[in-house]
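Engineer: For the sequence shown, this note's numbering begins at 34 and goes up steadily by one.
Before anything else, here's the structure in question.
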Amino acid sequence: MNHALLLQDALARNALLPDVAHVVVDEAHRLEDVAAVAYGFRLEDWRLRRDLERVARQPLVSAALRDERSEHAETLRREVASAHERAAEVFAALRGLARDAGVGRLRITRGLRARDDAWLPVELAGERLADALAAIAVAAERLGAASEDEDAAAELAGATAELARARTAIVRGIHAPEAGDVVWLESDEAAGRLGLQVAPSHVGAIVRRAIVDAHRSTTFTSAPRAGAGSLAHAAARLGVG
34 MNHALLLQDA LARNALLPDV AHVVVDEAHR LEDVAAVAYG FRLEDWRLRR DLERVARQPL
94 VSAALRDERS EHAETLRREV ASAHERAAEV FAALRGLARD AGVGRLRITR GLRARDDAWL
154 PVELAGERLA DALAAIAVAA ERLGAASEDE DAAAELAGAT AELARARTAI VRGIHAPEAG
214 DVVWLESDEA AGRLGLQVAP SHVGAIVRRA IVDAHRSTTF TSAPRAGAGS LAHAAARLGV
274 G
């Protein structure tokens, strides 16, 4: 399987792939970049709009609007509409940053965060969006609890769970980045896309926990990446050094 599926299986606590004792990772020099994406977080305008609409259009929501659960369903839809508005504020602030920088990729540094004129609007809008997403989670949980259709309730919970990663991206990307987090803004004006990306700067410990420690043996094969005649640096980046 590809690297992304292997790491997604680890994130899902080995729920996707059969149990194996030995793993061979080919093209291992690419694993670090894939792990950074898999274990990172993204706040993207198109993705968030899609995930919000997915919640609002759940079968359970549509069915509940026609019976005694309509109050719960209407509350959920109002919260989704509010989140759309708050999201527009966040991405407008981020788009202003990208436009002022004049580059497609902008690293979010301590210096930038210290500039109230540039960063404070992002922080305030991000806080409002995080609150709106939290309100959606509460409304969805109440609607699910009021339903006797367990499958429909589970599907709604799954759709809402996607928004939890967006909330984490707001926390880690805007308000409280963790040590080792790398945060940057990617803008593609031509495609009309904008996203805030959060990724760990060093994934060695992640790879070790997710792959190496989870199997009896792990073999990495790759083009040589020695530095000064030693593979120590490459081994450390893959969590085996």
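From the three backbone atoms N, C-alpha and C, an ideal C-beta is built for every residue, glycine too.
Just so it is clear, the structure is predicted and the values come from calculations on it, not from any experiment.
Let me check understanding here. Comparing Cα to Cα, which of Asp214, Leu130, Glu195, Ser255 lies closest to Ala151?
Structural biologist: As a first step, residue 151 must be located in the sequence shown, where it is residue number 118. For the residues Asp214, Leu130, Glu195, Ser255, the minimum Cα distance to Ala151 belongs to Leu130.
Engineer: Is Ala224 helix, strand or coil when you go by DSSP?
Structural biologist: Along the sequence shown, read from residue 1 onward, the residue named residue 224 stands at position 191. The answer is coil: DSSP assigns Ala224 none of H, G, I, E or B.
Engineer: Output the distance between the C-alpha atoms of Ala238 and Leu93, rounded to the nearest integer angstrom.
Structural biologist: Looking up residue 238 in the sequence shown gives position 205. Looking up residue 93 in the sequence shown gives position 60. Cα to Cα, the separation comes out at about 41 Å.
Engineer: Taking His55 as part of the beta strand (DSSP E), name the residues at either end of that continuous run.
Structural biologist: In the sequence shown, the residue the question calls residue 55 occupies position 22. Run containing His55: 55-58, per the beta strand (DSSP E) assignment.
Engineer: Could you round the C-beta distance between Gly206 and Pro233 to whole angstroms and report it? I think they count as a contact, below 8 Å.
Structural biologist: Looking up residue 206 in the sequence shown gives position 173. Looking up residue 233 in the sequence shown gives position 200. Their Cβ separation, rounded to whole angstroms, is 13 Å, which puts Gly206 and Pro233 out of contact at 8 Å.
Engineer: Can the beta-carbon of His235 be found closer than 8 Å to that of Val53?
Structural biologist: One-based indexing of the sequence shown puts residue 235 at position 202. One-based indexing of the sequence shown puts residue 53 at position 20. Cβ atoms of His235 and Val53: not closer than 8 Å.
Engineer: Using the rule of at least 16 other Cβ atoms within 10 Å of the residue's Cβ for burial, across every protein chain shown, is Glu86 buried or exposed?
Structural biologist: For this step, residue 86 is matched to residue 53 along the sequence shown. Exposed, by the Cβ-count rule.
Engineer: Which of the three DSSP states is assigned to Thr142 in this structure?
Structural biologist: Your numbering for residue 142 matches position 109 in the sequence shown. Reduced to three states, the DSSP call for Thr142 is coil.
Engineer: Can you tell which of Arg83, Pro210, Val245 has the C-alpha that lies nearest to the C-alpha of Gln230?
Structural biologist: As a working mapping, residue 230 is identified with position 197 in the sequence shown. Ranking Arg83, Pro210, Val245 by Cα distance to Gln230 puts Pro210 first.
Engineer: Under 8 Å, Cβ to Cβ, is there at least one residue of chain C near Val56?
Structural biologist: Absent here is chain C; the protein component of the structure consists of one chain.
Engineer: Can you check DSSP and say which residues form a bridge with Thr193?
Structural biologist: Walking along the sequence shown from the start, residue 193 turns up at place 160. Bridge partners of Thr193: none, in fact.
Engineer: Keeping to the same chain, check which residues put their C-beta closer than 8 Å to that of His105; ignore five residues upstream and five downstream.
Structural biologist: Translated into the one-based positions of the sequence shown, residue 105 becomes position 72. So the list reads Ala97, Ala172, Arg175, Leu176, Ala179, once near-sequence residues are dropped.
Engineer: How would you write the range of the alpha helix (DSSP H) that Arg99 sits in, first residue to last?
Structural biologist: Locating residue 99 in the sequence shown gives position 66, where the first residue counts as 1. Here Arg99 belongs to no alpha helix (DSSP H), and DSSP marks it neither H nor E.
Engineer: For Gly191 and Phe74, what's the separation of their Cα atoms in angstroms?
Structural biologist: Indexing the sequence shown from 1 puts residue 191 at position 158. Indexing the sequence shown from 1 puts residue 74 at position 41. Rounded to the nearest angstrom, the two C-alpha atoms are 17 Å apart.
Engineer: Considering only residues of the same chain and omitting the five flanking positions on each side of Ala170, which have a CB-CB separation below 6 Å?
Structural biologist: Counting from one through the sequence shown, the residue named residue 170 turns up at place 137. Within the same chain, Ala170 has close Cβ partners Thr193.
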